[in-house]
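Trainee: Take this structure first; my questions come after.
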Amino acid sequence: MNVGEIAQRVGGEVAGDPQLQITGVAGLEFAGPNDLTFADSPRAVERIAATRSGCVLIPAGTASPGRTTISVANPKLAFIRATEAILPVPQAIASIHATAVIAASACLADDVVVCAHVVIDEAVTVGARTVLGAGVVIGQGAAIGADAVLHANVHIYPGVCIGNRVVIHAGTVIGADGFGYVFADGRHQKFPQLGRVIIEDDVEIGSNSTIDRGSLGDTIIGQGTKIDNLVQIAHNVRIGRHCVIAAQAGIAGSSTIGDYVVLAGQVGISDKVRLEDRVVVGAQSGIPTGKVVRAGSAMMGSPARPLASFKKVYAHWMNLPNLAKKVERLSRQLAGQSKSDGS
Amino acid sequence: MNVGEIAQRVGGEVAGDPQLQITGVAGLEFAGPNDLTFADSPRAVERIAATRSGCVLIPAGTASPGRTTISVANPKLAFIRATEAILPVPQAIASIHATAVIAASACLADDVVVCAHVVIDEAVTVGARTVLGAGVVIGQGAAIGADAVLHANVHIYPGVCIGNRVVIHAGTVIGADGFGYVFADGRHQKFPQLGRVIIEDDVEIGSNSTIDRGSLGDTIIGQGTKIDNLVQIAHNVRIGRHCVIAAQAGIAGSSTIGDYVVLAGQVGISDKVRLEDRVVVGAQSGIPTGKVVRAGSAMMGSPARPLASFKKVYAHWMNLPNLAKKVERLSRQLAGQSKSDGS
Amino acid sequence: MNVGEIAQRVGGEVAGDPQLQITGVAGLEFAGPNDLTFADSPRAVERIAATRSGCVLIPAGTASPGRTTISVANPKLAFIRATEAILPVPQAIASIHATAVIAASACLADDVVVCAHVVIDEAVTVGARTVLGAGVVIGQGAAIGADAVLHANVHIYPGVCIGNRVVIHAGTVIGADGFGYVFADGRHQKFPQLGRVIIEDDVEIGSNSTIDRGSLGDTIIGQGTKIDNLVQIAHNVRIGRHCVIAAQAGIAGSSTIGDYVVLAGQVGISDKVRLEDRVVVGAQSGIPTGKVVRAGSAMMGSPARPLASFKKVYAHWMNLPNLAKKVERLSRQLAGQSKSDGS
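Residue numbers (my numbering), protein chains in the order written: chain A, 4 to 346; chain B, 4 to 346; chain C, 4 to 346.
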């Protein structure tokens, strides 16, 4: 592809050489003379001069004289689109490996890819063009949508429903029993874990994460939500659409999360919490049991407070040694005064 | 089963129709006319009227006029017992899958279930009726008890001992080397990790958790203890009986934990800590190296303090901006007084 | 081996019986009459008298009269060396299991051990004497060095490079896509994750950890670095040499970590952080986005501060209720004074 064709694809305007051949993509610092790259801020545009990049996607209204550029509204988004065109992901060839163990009643659509040592139990359905990586295990009655990718050693427990275009990275476990016990007669007795997990369309889940099945209801992950590595989602949790849940965050039982919520890394959400739409929770913060957080709030701390309040209190916290000194001084002054008053 | 038979089984008293057929179980909000459900508080009992549930287990001393109920001392526990009767878990049919790889010296008891692609190394023993899910790997000389269930892709390292009725969910790793090094000659040199892991009877462990083998002694998980997903238990840790360890908690090397201890989600226990019986540690709290926490204490914070003290200090912490203002005011008053005193 | 031979091997000096046969190693409390053990502090040396240990490695300059001892500069290091001699790790016999699935273009060096159900994709290279545990999956074009050990169910994604003598414990995932999205048109759109992971020589990684591939550049783990269980390392992170990263720590995207850095358990490093050489971060601490921490600093808290400052502020924090009382008292005193002044 040449620069002109890329500009057309991403709806941008070329400055420089539209005939330049582009064969790869790279970050600004690594890009060579035939690589496309991007600069998504005026500051990044300034750094273009120092690079070897052949062509740079830049924000509309900026320029890099003497370089070949394509100006667009959103350079990073245009870079995604251009990469899809320059480096198309090779389509896996439909095939079922001889070592896969597939139950007689399983129903696989056309053009699926089933890699080595996959195990598919009775009454499972798998949608068209879905890829099951090596060692994937799918339990009885689970349903996997079309165009999904389950990487190696993913384990789907019985009855779990996975939507279309869902991507699940290696080692993730969906649908294990929730952690529910009743303490009686000196021991913890297991509460039934009979619900399902429902993963809606376009969800992506990282590696070695765990999403437990509901106890009596279902655990639900809404459409387009993205979940990172080593994330824990407990039984009966309901997560809305287009949320972002960063690595090592955990959500305890029966909590409800709205749409467009962002949880940063290592966040802990206790049980029966309700986070309304567009809530943002800062890294390592914790939301206590039963708490309701209103739409659009930013929260920080463990236990968490509204971000502005956290920042204010935190500033005072750092200043505590000075405050204590000041109180000491006041105390001495007052004692001195009392004496000088003869009282 | 009908309501009368269920009442008899759980030792409860029927109000309403003892002949009503019960075919399923459900939560209060989802239950239909042939489902059994439960209400474990007076507040939940009030909500029965608004539901479609056929029969509700309620606390003795409460009532829901016009509905079929069974009153019992502990409705949630009775629900567990009733569910076992209404929806018995189907017994897996004893079988050894043709793709399993089993060493000649391994000794499997009668009626085991060995699923596809399981690998069992030399000198392993597996007790009666134990189920090994697809892709389970059991290292040399490990011993697995009777009636245990190891879900898909669980990995048991050599020499590990697993008790009877232990349940381990998918992807969990038991017996990997502990994290022990001696820093010398500019690099970290590995300390021997020669001990075992001993998991006693009736333990349940969630998905993708990790329990390391002892370095010179053993790592021990006591009878009836329940461990959630993504939990880390380091080398030489000893956990007592009937503890509850929630998701993403971690326990560092050589710490000792008594009986009936509760660790909430994302708790961190440093190395060489001792938690006596019935200690409770709140979510995201951290217990520092070498600390001893007395029996029955509740702890909170990072580093953790006794809960009552934490709450008190936390309340003052939130009030810090006000305290600082007050000190400022006092300071001004005192300065003004000094002036008016002519000093 | 006898005591004299061990002393010679570790460069130590015998007191007592150099002919005593040593057949095992153990911790001080467990050691029997034919076990070697060690005491690495004067306090530990005092406890020798109460043990059954046959021979104890002790620090030069200490003594345990009446017992057989070997005095050395570093008893714990000498114990590592002696253990290697007394209990040599049995060399696995080179073999490729019949159930392994190996692509035609994969290139395996001599004397590799490939266990059951391993899957090796096209263009993979594996170095001499490397061991691939049961169920290991290696993606297209990945390169594994010599004398490496990948335990069961480790998953190496395409293009990842693993050095010599690297050890990776069960269930760990190397090279999954990083967590990068651009939010546009109401949904999160995936940014290309095209980089590699490079693991240098002598790295050891625990169980169920996750290391993501770079987006446009590479994720790099430097020589000799040791990583514990359930650790998350995001895309484009660069970690130097001989670092120690304890369990459940997480490092977010594009952060850079120098040499000899220590991260304690459950530490969170946000994105674009730079930790210079020899930084130490205390358990559960968090380093905020973009922060630079100077060489040799110790950090504590969430968000983290220099350790000395954290300790000081923390002491004042615990004393907050008293400070508040003192301010209250001053306030009353001042009010009383004002009154007695007749103002």
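We put the CB at the ideal spot given by N, CA and C, even for glycine. These numbers come from a predicted model, not from an experiment.
Rounded to whole angstroms, what is the Cα-Cα separation between Gly304(A) and Glu125(C)?
Mentor: The alpha-carbon atoms of Gly304(A) and Glu125(C) are separated by roughly 48 Å.
Trainee: When you compare the CB of Ser258(A) with every CB in chain B, is at least one pair closer than 9 Å?
Mentor: no
Trainee: Of all Cβ atoms in chain A, is any one closer than 9 Å to the Cβ of Ser210(B)?
Mentor: yes
Trainee: Where does Phe82(C) sit, in a helix, a strand or coil, going by DSSP?
Mentor: helix
Trainee: Quick check on DSSP: helix, strand or coil for Ser300(C)?
Mentor: coil
Trainee: In angstroms, rounded to a whole number, what distance separates the CA positions of Lys275(B) and Ile272(C)?
Mentor: It is roughly 25 Å from the alpha-carbon of Lys275(B) to the alpha-carbon of Ile272(C).
Trainee: Along the region 138-169 of chain C, where does the CB come closer than 7 Å to a CB of chain A? Name the residues.
Mentor: Gly138, Val140, Asn156, His158
Trainee: So which residues on chain B does Tyr184(A) lean against when the C-beta distance must stay under 8 Å?
Mentor: Chain-ordered, the chain B residues with CB closer than 8 Å to the CB of Tyr184(A) read Lys229, Val247.
Trainee: By the criterion of Cβ-Cβ separation under 7 Å, what are the contact partners of Leu323(C) in chain B?
Mentor: Val316, His319, Trp320
Trainee: Output needed for Thr54(B): all residues of its chain with C-beta closer than 8 Å, excluding positions within five of it in sequence on either side, in chain order.
Mentor: Counting only Cβ-Cβ distances below 8 Å, and skipping sequence neighbours, we find Leu31, Glu32, Ala34, Thr40.
Trainee: Using 8 Å as the cut-off, can you tell me whether the region 230-249 of chain A makes contact with the region 257-265 of chain A, which would need three or more C-beta pairs spanning the two stretches below that distance?
Mentor: Yes, the region 230-249 of chain A touches the region 257-265 of chain A.
Trainee: Taking 9 Å as the threshold (C-beta atoms), are Ile230(A) and Leu208(A) in contact?
Mentor: The sequence given here places Ile at residue 208(A); Leu does not occur at that position. A contact, by the Cβ cut-off of 9 Å.
Trainee: Between which residues of its own chain and Ile73(C) is the CB-CB distance below 6 Å, once the five residues before and five after are set aside?
Mentor: Ala10, Gly15, Val17, Leu60
Trainee: Measure from the alpha carbon of Ile400(B) to the alpha carbon of each residue in Leu233(B), Glu49(B), Gln336(B), then state which is nearest.
Mentor: With chain B represented from 4 up to 346, any question about residue 400(B) goes unanswered, as that position is not in the structure.
Trainee: Take the Cβ of Thr26(C) as the centre, count every other Cβ of all protein chains shown within 10 Å, and call the residue buried at 16 or more, exposed below.
Mentor: exposed
Trainee: Below 8 Å, how does it come out for the region 108-116 of chain C and the region 86-93 of chain C: are there three or more Cβ pairs, yes or no?
Mentor: No, the region 108-116 of chain C is not in contact with the region 86-93 of chain C.
Trainee: State the start and end residues of the unbroken beta strand (DSSP E) segment that holds Tyr184(B).
Mentor: 184-187
Trainee: Helix or strand or just coil, what does DSSP make of His319(B)?
Mentor: In this structure, DSSP gives His319(B) a helical state, which the three-state scheme calls helix.
Trainee: Provide the residue span of the beta strand (DSSP E) that contains Ala424(B), from first to last.
Mentor: Nothing in the structure corresponds to residue 424(B), since chain B is present only between 4 and 346.
Trainee: Excluding five sequence neighbours on each side, which residues of the same chain lie with their C-beta closer than 6 Å to the C-beta of Ile223(B)?
Mentor: Ile201, Arg241
Trainee: Where does Phe41(C) sit, in a helix, a strand or coil, going by DSSP?
Mentor: strand
Trainee: What three-state label does DSSP hand Gly57(A) in the structure shown?
Mentor: coil
Trainee: Where does Phe182(C) land, buried or exposed, given buried means 16+ other C-beta within 10 angstroms?
Mentor: buried
Trainee: Starting from Ala18(C), trace the alpha helix (DSSP H) in both directions and tell me its first and last residue.
Mentor: Premise fails: Ala18(C) lies in the beta strand (DSSP E), 16-18, not in any alpha helix (DSSP H).
Trainee: Count the C-beta pairs between the region 79-86 of chain A and the region 96-103 of chain A that are closer than 8 Å, then say yes if the count reaches three, no if not.
Mentor: no
Trainee: Within 10 angstroms of its Cβ, does Glu49(A) collect 16 or more other Cβ (buried), or is it exposed?
Mentor: Exposed, because fewer than 16 other Cβ atoms sit within 10 Å of the Cβ of Glu49(A).
Trainee: How about Ile202(C): is its C-beta nearer than 9 Å to some C-beta of chain B?
Mentor: no
Trainee: Using alpha carbons as the reference points, say which of Pro62(C), Ile96(C), Ile123(C), Val122(C) lies closest to Asp114(C).
Mentor: Ile96(C)
Trainee: Around the C-beta of Asp215(B), are 16 or more other C-beta atoms found within 10 angstroms, so that it is buried, or is it exposed?
Mentor: It is buried - the Cβ of Asp215(B) has at least 16 other Cβ atoms within 10 Å.
Trainee: Could you say which of Asn322(C), Leu278(C), Pro291(C) lies nearest to Ala301(C) if we only look at CA atoms?
Mentor: Leu278(C)
Trainee: Any idea what DSSP makes of Val330(A), helix, strand or coil?
Mentor: helix
Trainee: For Pro309(A), which of Glu331(A), Gly285(A), Lys328(A) has the nearest alpha-carbon?
Mentor: The residue from Glu331(A), Gly285(A), Lys328(A) with its alpha-carbon nearest to that of Pro309(A) is Gly285(A).
Trainee: Can you name, in chain order, every residue of its own chain whose Cβ lies under 6 Å from the Cβ of Arg12(B), other than the five neighbours on each side?
Mentor: Ala88
Trainee: Give the single residue among Ile165(C), Asn211(C), Gln287(C) whose Cα lies nearest to the Cα of Val176(C).
Mentor: Cα-wise, what sits closest to Val176(C) is Asn211(C).
Trainee: Please report whether the beta-carbon of Leu333(A) lies at a distance below 9 Å from any beta-carbon of chain C.
Mentor: At least one CB atom of chain C sits nearer than 9 Å to the CB of Leu333(A).
Trainee: Using the rule of at least 16 other Cβ atoms within 10 Å of the residue's Cβ for burial, across every protein chain shown, is Phe186(C) buried or exposed?
Mentor: Exposed.
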